[in-house]
Amino acid sequence: VSTAVERGTGCLTQYPSSIDADDSQKLTDSGSEAIEERDYKQIGIDAQADIGNTCVQLALVSGTNDTTTPGTEVNNDAVSLQAYHVIKTSTGAPTWVPLIRFDSYDKNNGAETIDEITLNLTRYFNQNIKGYIEYWDRSGDGSTADDDRITVQAVVGF
73 VSTAVERGTG CLTQYPSSID ADDSQKLTDS GSEAIEERDY KQIGIDAQAD
123 IGNTCVQLAL VSGTNDTTTP GTEVNNDAVS LQAYHVIKTS TGAPTWVPLI
173 RFDSYDKNNG AETIDEITLN LTRYFNQNIK GYIEYWDRSG DGSTADDDRI
223 TVQAVVGF
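Each step along the sequence shown adds one to the number in my numbering, with nothing skipped, and position 155 is 227.
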């Protein structure tokens, strides 16, 4: 019985698994062509810059994972760029926080690229009550359906 050994897991939660229904059968059938050990190579870097009341954040992630077919691997990349600005009262309490975020990630060995944009405006009424309105839009290649939504939400903390 062949067994896959997973090393270095846990970094790329947005990436789909390299194992599909056919692959999982290969991992359990004796005499299959599945390899006994698979490598998961994932690297990421993130950066943040705070300039006054403005914050800009960037994250880049790349992963190359062996498949269950000997000698083959999949490679997917992701990038996220976010910026927000905190408008404060004279006492330093936040009141309004506009945010913009762009995310782009690959699926299916880079054959599909999905882009998402988020626009958010949050209003802090006091330290434990806030509300926001958010627009999110996704466009992508292949099997990923284009989608968008508007969310209006109030949050109360106790």
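Even glycine gets a Cβ: it sits at the ideal position worked out from N, Cα and C. Note that the coordinates shown come from a computational prediction; the quantities given were computed from them, not determined experimentally.
Which first and last residues belong to the beta strand (DSSP E) in which residue i is found?
i, result
"Q120", "Y112 to I123"
"V133", "T126 to D138"
"E109", "Segment: none, E109 is in no beta strand (DSSP E) and carries neither H nor E."
"F174", "P166 to K179"
If you draw a straight line from the alpha carbon of residue i to that of residue j, how long is it in whole angstroms?
i, j, result
"Q199", "W168", "12 Å"
"V158", "I205", "16 Å"
"S34", "Y156", "Since the first residue shown for the chain is 73 and the last is 230, residue 34 is missing from the structure and cannot be characterised."
"I67", "Q114", "Within the shown structure, residues of the chain are numbered from 73 to 230, placing residue 67 beyond reach of any answer."
"N148", "S215", "16 Å"
"D101", "S134", "Annotation note: pLDDT 47 at D101 (below 50); position unreliable, coordinate value reported separately. If I take the Cα positions, the gap works out to 31 Å."
"S195", "Y207", "Ser is not the amino acid found at residue 195; the sequence shown has Arg there. Each residue's alpha carbon lies about 15 Å from the other."
"R173", "Q120", "14 Å"
Are residue i and residue j closer than 8 Å when you measure CB to CB?
i, j, result
"D187", "S152", "no"
"T185", "D213", "yes"
Would you mind giving the Cβ-Cβ distance between residue i and residue j, rounded to the nearest angstrom? I have them listed as a contact below 8 Å.
i, j, result
"A131", "D122", "Contact flag wrong, Cβ pair sits at about 16 Å."
"N192", "K160", "No, N192 and K160 are not in contact; Cβ-Cβ is about 17 Å, not under 8 Å."
"K202", "V224", "Not really, about 12 Å apart at Cβ, beyond 8 Å."
Give a single yes or no on whether residue i has its beta carbon closer than 7 Å to a heavy atom of the ligand MN.
i, result
"T194", "This structure lacks the ligand MN; in fact it carries no ligand of any kind."
Looking at C-beta atoms only, is the number of pairs between the stretch 161-179 and the stretch 137-145 that lie closer than 8 Å three or more?
No, the stretch 161-179 does not touch the stretch 137-145.
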